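Numbering (our numbering), first residue to last: 2 to 416.
Right, dumping it as structure tokens:
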């Protein structure tokens with residue numbers, strides 16, 4: 002980042018007042034009567050109603066539209082374990098996105114916990130305050146235990162976006178990219194460079210959508226994860242291949258798909274050249290991808306390329322998913338975000354990319370035209386149709402799978 006951009010980022014967070022979010026009143030608080038209703042003595046009435054039936058909290062408080070964005074700061078962006086307080090700008094940013102894109106109120110919470118269990122206990126004890134919990138920037142493998150346990154202990158949606166948000170957007174783009182390449186997900190040979198939270202979730206969701214686990218080669222710092230290795234975590238063991246391939250150079254030979262969730266410049270032009278015809282490359286390391294798009298296109302004129310960056314086509318951007326997933330889940334008062342709801346979000350995103358692009362999107366990106374194809378396999382973040390498409394699909398999947406406690410609201414589909 003240039004010095005000008007660094008200073009602009011600092012100024013953005015400091016002015017006109019520090020931070021990116023605030024709390025606003027949602028009802029009248031001007032007269033003596035307003036205050037007597039808002040607090041004593043009037044507030045006693047909803048207290049009594051909630052004590053009779055906890056579900057009344059959704060009727061008389063902001064719970065049903067309130068998401069907590071919670072982190073321990075152990076894996077902040079690509080910066081590593083810098084602690085909970087340092088994660089606060091990121092968590093505030095996530096809260097901003099919830100409000101901007103889905104109209105959900107959101108508050109950030111940074112937890113200084115000495116162990117995964119302490120973090121779990123802290124979050125579980127405050128969970129009743131919220132309608133949903135978005136976990137963020139928690140390192141692997143602790144994140145798996147934390148999310149799994151909190152899902153069991155909480156009766157509201159709990160969602161680790163670094164895992165599932167990335168996976169949902171990746172899967173949607175992957176399905177479309179393979180269609181353009183004339184290939185099928187269930188037949189594709191997939192190389193995944195990286196074995197952390199996002200990589201595990203991406204591969205697991207692709208398998209749920211039809212990919213074959215025996216066609217996936219996952220690579221960590223040691224090399225290809227294969228069945229002959231010992232001391233694998235349960236998450237890595239699920240993708241241990243029966244293979245004699247040991248390196249990225251081995252695995253990439255003839256591969257249809259490369260998914261990078263690792264670090265910069267780890268896929269060379271020579272390795273890309275070894276891939277099958279019409280290779281699909283998702284180089285998602287941020288800010289610097291595993292291979293630069295310029296090098297990828299110079300090496301292969303048939304490559305279909307996606308990155309995590311907004312300045313290249315086909316951005317794998319979590320904001321395409323999490324605001325609308327929570328919106329749909331919370332609007333039907335779902336107790337969880339299950340695999341069927343994630344799959345519904347994948348299909349909704351993939352289908353929306355095939356729809357004619359609206360003028361609002363063209364204007365936002367300064368484009369004259371844009372249509373489904375190699376440079377447009379994933380919807381743009383400014384597409385207002387995301388709210389209706391993804392939220393409706395997720396809400397309906399929650400109803401269909403029995404985790405919703407309310408029917409689809411009358412105002413659906415949202416716009």
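The beta-carbon is built from N, C-alpha and C at its ideal position, and this holds for glycine as well. All of these numbers come straight from a predicted model, not from anything done at the bench.
Own chain, CB closer than 8 Å to residue i, minus 5 neighbours either side, in chain order
{"i": "residue 400", "result": "333, 408, 409"}
{"i": "residue 393", "result": "329, 349, 409, 413, 414, 415"}
{"i": "residue 255", "result": "190, 275, 276, 277"}
{"i": "residue 347", "result": "169, 172, 173, 176, 206, 210"}
{"i": "residue 187", "result": "211, 212, 213"}
{"i": "residue 78", "result": "91, 138, 287"}
{"i": "residue 100", "result": "22, 106, 107"}
{"i": "residue 402", "result": "339, 341, 342"}
Bridge partners - residue i, DSSP secondary structure assignment
{"i": "residue 219", "result": "193"}
{"i": "residue 316", "result": "308"}
{"i": "residue 160", "result": "135"}
{"i": "residue 109", "result": "70"}
{"i": "residue 201", "result": "In the DSSP output, where bridge partners are listed per residue, residue 201 has none listed."}
{"i": "residue 224", "result": "221"}
{"i": "residue 377", "result": "374"}
Cutoff 6 Å; reference residue i; Cβ partners in own chain excluding five residues on either side
{"i": "residue 258", "result": "189, 191, 281"}
{"i": "residue 196", "result": "219, 221, 237"}
{"i": "residue 230", "result": "none"}
{"i": "residue 177", "result": "351, 354, 378"}
{"i": "residue 133", "result": "68, 157, 158, 327, 331"}
{"i": "residue 309", "result": "285, 287, 317"}
{"i": "residue 252", "result": "192, 218, 225, 246"}
{"i": "residue 262", "result": "195, 199, 200, 285"}
{"i": "residue 244", "result": "227"}
{"i": "residue 289", "result": "265"}
{"i": "residue 431", "result": "Residue 431 lies beyond the residue range present for the chain, which begins at 2 and ends at 416; the question has no answer from this structure."}
{"i": "residue 84", "result": "74"}
Residue closest to residue i, alpha-carbon to alpha-carbon, out of the options
{"i": "residue 247", "options": "234, 165, 227, 17", "result": "227"}
{"i": "residue 268", "options": "294, 156, 150, 346", "result": "294"}
{"i": "residue 120", "options": "130, 212, 147, 107", "result": "147"}
{"i": "residue 340", "options": "250, 316, 128, 209", "result": "209"}
{"i": "residue 27", "options": "66, 2, 185, 51", "result": "66"}
{"i": "residue 241", "options": "265, 90, 53, 201", "result": "201"}
{"i": "residue 386", "options": "361, 22, 75, 40", "result": "361"}
{"i": "residue 344", "options": "322, 130, 315", "result": "322"}
{"i": "residue 86", "options": "131, 383, 111", "result": "111"}
{"i": "residue 76", "options": "5, 41, 144", "result": "144"}
{"i": "residue 58", "options": "34, 130, 369", "result": "130"}
{"i": "residue 182", "options": "384, 376, 404, 411", "result": "376"}
{"i": "residue 338", "options": "184, 16, 406, 93", "result": "406"}
{"i": "residue 368", "options": "54, 314, 260, 300", "result": "314"}
{"i": "residue 14", "options": "89, 30, 356", "result": "89"}
{"i": "residue 234", "options": "166, 142, 54", "result": "142"}
{"i": "residue 167", "options": "136, 149, 203", "result": "203"}
{"i": "residue 374", "options": "18, 94, 356", "result": "356"}
Burial state of residue i (16 or more Cβ within 10 Å)
{"i": "residue 342", "result": "buried"}
{"i": "residue 304", "result": "buried"}
{"i": "residue 291", "result": "buried"}
{"i": "residue 36", "result": "exposed"}
{"i": "residue 163", "result": "buried"}
{"i": "residue 138", "result": "buried"}
{"i": "residue 105", "result": "buried"}
{"i": "residue 232", "result": "exposed"}
{"i": "residue 381", "result": "buried"}
{"i": "residue 24", "result": "exposed"}
{"i": "residue 391", "result": "buried"}
{"i": "residue 64", "result": "buried"}
{"i": "residue 249", "result": "buried"}
{"i": "residue 117", "result": "buried"}
{"i": "residue 6", "result": "exposed"}
{"i": "residue 260", "result": "buried"}
{"i": "residue 160", "result": "buried"}
Cβ neighbours of residue i in the same chain (closer than 7 Å, five flanking residues each side left out)
{"i": "residue 389", "result": "414, 415, 416"}
{"i": "residue 98", "result": "320, 324"}
{"i": "residue 128", "result": "134, 155, 157"}
{"i": "residue 96", "result": "22, 70, 107, 108, 109"}
{"i": "residue 125", "result": "151, 154, 155"}
{"i": "residue 61", "result": "47, 50, 51"}
{"i": "residue 297", "result": "273, 282, 304, 306"}
{"i": "residue 372", "result": "358"}
{"i": "residue 114", "result": "73, 120, 123"}
{"i": "residue 185", "result": "179"}
{"i": "residue 103", "result": "324, 325, 327, 328, 388"}
Beta strand (DSSP E) segments (min. 3 residues) lying fully within the region 238-311:
258-261, 281-284, 305-308
What are the uninterrupted segments assigned as alpha helix (DSSP H) that are 4 or more residues long and contained completely in the region 43-92, given in chain order?
45-53, 58-61
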